[in-house]
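Q:
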Ligand SMILES: [Mn+2]
């Protein structure tokens with residue numbers, strides 16, 4: 211049965227919007243959606259919250275700029291959903307545009323689970339990276355970050371999920387939801403966080419004169435990916451997110467989109483010239499997510515990274531087929547669940563008095579909070595306790611001087627650029643910018659997993 215809910219339109223906001231020349235009906239519609247001022251409807255890029263407002267974005271930019279200048283090897287570790295895949299693609303594309311040595315790795319959800327686990331760090335270590343960058347994950351990866359440190363690999367965490375009581379001891383953490391970060395858009399997606407870090411990096415490189423001899427890349431070309439990840443992650447579309455999505459859609463409609471996205475539109479029989487948020491949420495998003503759920507998200511990321519339209523189309527067609535398979539599995543599961551509900555009803559109905567049972571009781575008994583907690587914990591399955599950080603930290607693989615030059619705490623104490631002193635500069639320099647719980651290494655009970663912002 212259709213249930214119509216009347217939204218409340220705050221009179222003051224309606225009046226304000228009308229005073230600014232808006233049609234009364236539009237004023238009511240916008241006011242009911244929290245818009246208080248006409249300027250909030252300006253979706254120009256210049257209205258974005260600046261990257262400087264995001265805590266540690268500039269510290270991350272310094273690490274990345276140092277790494278690019280030192281020709282260090284970077285490895286992005288993403289997530290296997292659409293937000294994680296687009297964030298990976300944004301990172302790889304942006305860093306490559308800046309001449310970085312970068313690759314990516316995605317955990318196989320069936321073998322390695324979610325996040326920067328010690329197991330995926332061990333897999334990553336086979337590629338000998340100097341710096342691991344997480345996108346859309348990592349804020350809860352205490353053991354994984356410890357493992358990376360044991361192996362002498364620096365870590366930059368970019369994430370948007372809620373942190374637990376203890377943060378990982380990474381070299382840098384960028385997350386609008388970490389304590390002390392005043393970034394106003396708390397609901398920015400993982401891809402948005404990575405996009406912001408890339409904007410901060412470009413600004414840092416600009417300041418260093420990096421673009422004196424090479425063209426400055428236009429990161430607006432990444433906005434189609436940012437828009438897709440933002441909508442597909444079902445984060446709240448606040449003003450900042452609306453700007454990102456609106457700009458991405460504008461570019462898609464103008465035919466400015468990655469070959470992979472163009473191929474996904476084509477495989478689904480849709481026209482990017484008429485792209486809407488519905489296409490991102492219900493056409494492109496599910497096709498990419500199907501790869502992460504049924505196969506391997508590497509296929510999805512490859513689709514987003516390839517410059518070859520025919521390869522993109524071939525992958526998009528595979529993703530389309532996977533999505534059909536996913537839909538069939540889901541409808542089968544739904545049927546099974548309904549049958550199960552019927553049987554639960556038959557068993558449970560006898561003792562309960564039908565007249566005293568509210569209509570929602572059956573569903574809530576089948577999907578009890580206990581059941582959902584279990585699935586939540588399974589996703590963040592307990593990992594083995596962290597080993598005490600080795601006092602003998604292996605040397606970072608790229609020169610010590612690249613971070614020391616940016617020390618804000620004690621520049622005079624920065625070690626000389628030599629292999630003997632190469633073990634220290636990454637952390638002491640960078641940790642000065644972080645807010646890490648003092649007893650984080652000793653905190654044994656894991657904080658409860660935060661599942662709220664993670665809408666799958
Ligand atoms: Mn996400």
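Numbering (my numbering), first residue to last: 211 to 666.
Beta carbons are placed, not taken as given, at the ideal position from N, Cα and C, and that holds for glycine.
Below 9 Å between beta carbons: does that hold for residue 289 and residue 325?
A: It is a contact, given that the beta carbons lie within the stated cut-off.
Q: For residue 215, which of helix, strand or coil comes out of DSSP?
A: Three-state result, residue 215: coil.
Q: Could you tell me the distance, in whole angstroms, from the CA atom of residue 343 to the CA atom of residue 238?
A: Roughly 44 Å separates the two Cα atoms.
Q: Can you tell me the Cβ-Cβ gap for residue 404 and residue 365, rounded? I've got them flagged as a contact below 8 Å.
A: The Cβ separation is near 15 Å, so there is no contact.
Q: What is the DSSP secondary structure of residue 284, counted as helix, strand or coil?
A: DSSP places residue 284 in strand when its eight states are reduced to three.
Q: Where residue 227 and residue 401 are concerned, what is the direct C-alpha to C-alpha distance, given to the nearest angstrom?
A: C-alpha separation (whole angstroms): 32 Å.
Q: Is residue 291 near ligand 1, with its Cβ less than 8 Å from a heavy atom?
A: Under cutoff, so the answer is yes.
Q: Which class does residue 382 belong to by DSSP, given the choice of helix, strand or coil?
A: Of the three classes helix, strand and coil, the one that applies to residue 382 here is strand, per DSSP.
Q: Return the chain-ordered list of same chain residues with a C-beta closer than 7 Å to the C-beta of residue 299, the five sequence neighbours on each side being excluded.
A: Excluding positions up to five away in sequence, the list reads 435, 511, 514, 515.
Q: Threshold first: 4 residues or longer. Then list the alpha helix (DSSP H) segments lying entirely within the stretch 312-384, N to C.
A: Complete alpha helix (DSSP H) runs here, min 4: 328-335, 352-360.
Q: Could you check if residue 232 is buried or exposed, using at least 16 other CB atoms within 10 Å of its CB as the buried criterion?
A: The residue in question, residue 232, is buried, as its Cβ has 16 or more Cβ neighbours within 10 Å.
Q: How many Å lie between residue 224 and residue 255 at the Cα?
A: Cα to Cα, residue 224 sits roughly 26 Å from residue 255.
Q: In the DSSP assignment, find the alpha helix (DSSP H) that holds residue 279 and state where it starts and stops.
A: Residues 267-279.
Q: DSSP three-state call for residue 549: helix, strand or coil?
A: In the structure shown, residue 549 sits in a helix (DSSP, three-state: H, G or I).
Q: Return the Cβ separation of residue 313 and residue 285 in integer angstroms, given the expectation that the two are a contact with Cβ distance under 8 Å.
A: With 8 Å as the limit, residue 313 and residue 285 qualify as a contact, their Cβ atoms being about 6 Å apart.
Q: Using only the heavy atoms of ligand 1, determine whether one of them is closer than 8 Å to the beta carbon of residue 233.
A: Because no heavy atom of ligand 1 lies under 8 Å away, the Cβ of residue 233 does not count as near it: no.
Q: Determine the closest residue to residue 528 out of 385, 507, 547, 517, with distance taken between C-alpha atoms.
A: Ranking the options by Cα distance to residue 528, first place goes to 507.
Q: Could you have a look at residue 246 and say whether DSSP puts it in helix, strand or coil?
A: Coil.
Q: Between the beta-carbon of residue 304 and the beta-carbon of residue 412, is there less than 9 Å?
A: Cβ atoms of residue 304 and residue 412: closer than 9 Å.
Q: So, with DSSP's three-state summary, where would you put residue 395?
A: Coil, per DSSP.
Q: Under the assumption that residue 301 contacts residue 331 (Cβ atoms under 8 Å), give the Cβ distance between them as a whole number of angstroms.
A: In fact, because the Cβ distance is near 18 Å, the residues do not count as touching under 8 Å.
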